[in-house]
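Shown next, in structure tokens, is the structure this report addresses.
Residue numbers (the numbering used here): 3 to 147.
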């Protein structure tokens, strides 16, 4: 392939002892990734990515979705950037475990003075789902930063 790229042609020896001259127009190279992988090629090389979703990656995605929803709620409430909140969370067992594991990160990213896991009720509760896992939460401003 390097010779073909460099000179525009190459000579290939075949089993019957003959040589065949091939030009760029005679050769087509294609890449097909195995299941669980994605691939792309250009003149300078090939990139192959493992697209398998591990449990850790799925849970990271869930956490990012929760974070996004809480930040969106802060914006809806027109909270200042420095306002501290109390975040009350109710979630399905699997999602709750992920949130509990990352509660300190969630508090830091959302400026939550407190993250409380309890039943969420009332008019200001936000309801949703993340990949089939239920989520309810409420944001309450507690102080200026």
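Even glycine gets a Cβ: it sits at the ideal position worked out from N, Cα and C.
Asked                                                                                                                                                                   : Found
Using a threshold of 8 Å, state whether the C-beta atoms of residue 138 and residue 131 are closer than that.                                                           : no
Answer yes if the region 47-62 comes into contact with the region 105-112, meaning at least three C-beta pairs across the two stretches below 8 Å, and no otherwise.    : no
Do three or more CB pairs link the region 56-73 to the region 94-107 at distances below 8 Å?                                                                            : yes
Checking the sheet assignment: what are the DSSP bridge partners for residue 42?                                                                                        : 49
Taking the alpha helix (DSSP H) that residue 118 belongs to, which residues open and close that run?                                                                    : Residue 118 -> not in any alpha helix (DSSP H); beta strand (DSSP E) instead, spanning 114-119.
Compare the Cα-Cα distances from residue 135 to each of 85, 17, 60, 15 and report the closest residue.                                                                  : 60
Mind checking whether residue 49 and residue 91 have CB atoms under 8 Å apart?                                                                                          : no
From this set, 125, 26, 37, which residue's C-alpha is nearest residue 45's C-alpha?                                                                                    : 26
Going by other Cβ atoms of all chains shown within 10 Å of its Cβ, with 16 needed for buried, is residue 89 buried or exposed?                                          : buried
For residue 86, I'd like the list of residues in its chain whose CB is within less than 8 Å of its CB, leaving aside the five on either flank, ordered along the chain. : 113, 114, 115, 143, 144, 145, 146, 147
In the DSSP assignment, what are the bridge partners of residue 141?                                                                                                    : 89
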